[in-house]
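The structure appears right after this line, and notes come after that.
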Ligand code: SF4
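Residue numbers (full-length UniProt numbering): 1 to 700.
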């Protein structure tokens, strides 16, 4: 990191921004600007009532990342073999010429669909993240079926409500019981804890948490409910069983607002706490206590996270947990209801950013999570089309974060595959690229963000100059478009013009107004947010019986065993069940210091996280002859990973937790944790079951 002399306090300017990282909190930031090139501390904006002055530690020390000595500064061309890490510096024009030439070559050989623009959420800025679509739409390159993150969770939520929106997240502070289910906001999206603990201090509210290990959030909960991975549906069913059994179901609400309450009650008769306990590993008394707490608390706010949906039955689990709020009628009360994400409230028209007018539905869409199978020529994954011969990658690091890593590595090792990576650091994906281009961070370009976990649209203006020769995503896409003969109005516009255009088309004001006001509060009125004017279906009724293939979700096709999905909330046993060969279930939960593979490079995160470990129950460890700190091997049919054991009694027997994502190079044998995760498609619309892995473990 550069050594910086801090100017006197009165000379430090504060710039306003928004956190661009892949975290639903999208915190409003106050950034110290020390000079035109240098930032100081980053704080949460106090005047934003969701961020409320709090950000996570890794972003508070963002200067460590922004001014890191390892930032990519110049375009590079690989001169050694793939993975040799031998590059030479070249000029931007030469680099862009080579990329364009290779994309055109691929197009000539196997058609436009043999080029795959591949991106993801390294930035959540709408201009810098989504502009790549404009290039692929105009050029008819293969489409990107985005599956790695939200699909099971969002489809499970929309299966009930009909859209992705819920009670105002700030209402958590007015709740009497906040249920934090399958997310660890002490590690990620810290603001959930801000509002939940506010309710506890001001109103004596209780916090209940459901998770697969005793993480930081579970430790702070009044009632931690520890389950085995992939069993949340069983827990939810048993809770609803108790609510019906004990007269805590709100029948007036159920009759008015739900589709099949009597069928649900009858269906749940056999799903009692004893049944659920055998599946979840949770004691019957804890399930009863959880149900009692929910049944006795009208203002219960269900804050439903992503983690518990990253399972082959994830969408069904999300829908089952969501259904509890409909049984109690918690939606009727301020501080009650459910929330997962606010995607559907913003109504943003991104037509110029994404070039949607050039979209051709006949062009194939390739599943992001199946990149290993795609690059290795799996016909099903290629959807019967040509091979992928060229990748243009922005904001993502599939060699580390994508499932089925062995296959991903094999794919990237192909000599006939051209890869360009536009990145901030030399990631493991960049290391195997032919051309590496240096990218700006969010502080070095203009962009706009919308909350996932809240209701604000926020501006993130350029605050400092980019170092070296870094260029932003939009400029690189536009420069490539010019060389590729791709024409669209959006390529000729600046990021600020694109932002202004989107706001105007969306009837959300103008860029000038957003600059003056810093953010736009898009919170729908109470009646709408709580679905008191009906859920988002023609009859207005919450669906206990979803029509899974027809759930409103942006997906080009259904995936996985969608026809076998449960008719009513249930434990859907399609997970990788432990067996004699693989007696353990592994979840790869997020580490506090990393965000996917972002922050892998910062010294404080590395120091705090220490080394890749796997948590194992002491009794399981003893049976395997494993002591704390031992090197162990985890394995399944997809591969093997070496890391160190950490004995921990905050997991159920038979469950392993490997907090992630460490770089592959941090593991003893260079194989990262995603060597063990599968890329088979999750129903109903794809996804990656990162927490649903059967494995064996032995001492190395
Ligand atoms: S909590 Fe999430 S959104 Fe907020 S600063 Fe940290 S990573 Fe960014």
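Each residue gets a CB set at the ideal place from its N, CA and C atoms; glycine is no exception.
Pairs of beta-carbons, one from the segment 628-636 and one from the segment 545-557, closer than 8 Å: are there three or more?
no
Inter-residue CB distance, residue 23 and residue 595 (contact presumed, cutoff 8 Å)
Between residue 595 and residue 23 the Cβ distance is about 6 Å, and since that is below 8 Å, they are a contact.
With H, G and I counted as helix, E and B as strand and the rest as coil, what does DSSP make of residue 157?
helix
Straight-line Cα distance separating residue 501 from residue 131
14 Å
Does the segment 82-95 come close enough to the segment 360-367 that 3 or more CB-CB pairs lie under 8 Å?
no
Since residue 634 contacts residue 695 with CB under 8 Å, what's their CB separation in whole angstroms?
5 Å
Considering only residues of the segment 484-528, which uninterrupted beta strand (DSSP E) runs meet the minimum length of 3 residues and lie entirely inside it, listed in chain order?
519-521
Whose C-alpha, out of 496, 346, 483, is nearest the C-alpha of residue 455?
346
Which residue comes first and which comes last in the alpha helix (DSSP H) that contains residue 690?
Careful: residue 690 lies outside any alpha helix (DSSP H) and carries neither H nor E.
Does any heavy atom of the ligand SF4 sit closer than 7 Å to the C-beta of residue 595?
yes
Following the continuous beta strand (DSSP E) through residue 211, name the residue where it begins and the one where it ends.
206-211
Of the listed residues 145, 591, 287, nearest to residue 242 (C-alpha basis)
287
Return the chain-ordered list of same chain residues with a C-beta closer than 6 Å to the C-beta of residue 25, the five sequence neighbours on each side being excluded.
Once the five neighbours on either side are set aside, the close Cβ partners of residue 25 are 189, 191, 453.
If you check the beta carbons only, do residue 483 and residue 97 fall under 8 Å apart?
yes
Can you tell me which of the three DSSP states residue 582 falls into?
DSSP places residue 582 outside both helix and strand once states are collapsed to three, so it counts as coil.
Taking the DSSP output, what are the residues bridged to residue 633?
642, 698
Buried versus exposed, by CB contacts within 10 Å (16 or more), residue 424:
buried
When the Cα of residue 385 is compared with those of 110, 194, 352, which residue comes out closest?
110
Just reading off the beta strand (DSSP E) that residue 27 is part of, what are its end residues?
Residue 27 -> no beta strand (DSSP E), and no H or E assigned at all.
Where the alpha helix (DSSP H) through residue 411 begins and ends
405-412
By DSSP, does residue 344 sit in helix, in strand, or in coil?
helix
Under 8 Å between the Cβ atoms of residue 209 and residue 320?
No, these two residues do not count as a Cβ contact at 8 Å.
Tell me the residue span of the alpha helix (DSSP H) that contains residue 398.
Residues 398-401.
Could you check where the alpha helix (DSSP H) with residue 618 kicks off and where it finishes?
618-624
Using 7 Å as the cut-off, classify the Cβ of residue 56 as near or not near the heavy atoms of the ligand SF4, replying yes or no.
yes
For residue 599, does the count of other Cβ atoms within 10 angstroms reach 16, so buried, or fall short, so exposed?
buried
Run through the DSSP bridge pairs and tell me what residue 181 is partnered with.
Residue 181 pairs with 210, 304.
Quick one: complete beta strand (DSSP E) runs, 3+ long, within the segment 106-173?
Unbroken beta strand (DSSP E) runs of no fewer than 3 residues, entirely contained in the segment 106-173, are found at 115-119, 143-145, following chain order.
Does DSSP classify residue 225 as helix, strand or coil?
DSSP places residue 225 within a strand segment (E or B) once states are collapsed to three.
Taking Cβ positions, are residue 523 and residue 529 nearer each other than 8 Å?
yes
Distance between residue 77 and residue 414 (C-alpha atoms, nearest Å):
Cα to Cα, the separation comes out at about 17 Å.
Is it the case that the CB of residue 21 approaches a heavy atom of the ligand SF4 more closely than 7 Å?
yes
May I have a chain-ordered list of the beta strand (DSSP E) segments no shorter than 3 residues that lie completely inside the segment 294-339?
300-304, 337-339
Give me the Cα-Cα distance between residue 174 and residue 330, rounded to the nearest whole angstrom.
13 Å
Which of helix, strand or coil DSSP assigns to residue 439
strand
Excluding the 5 residues flanking residue 440 on each side, which residues of the same chain have their C-beta closer than 6 Å to its C-beta?
466, 470, 472
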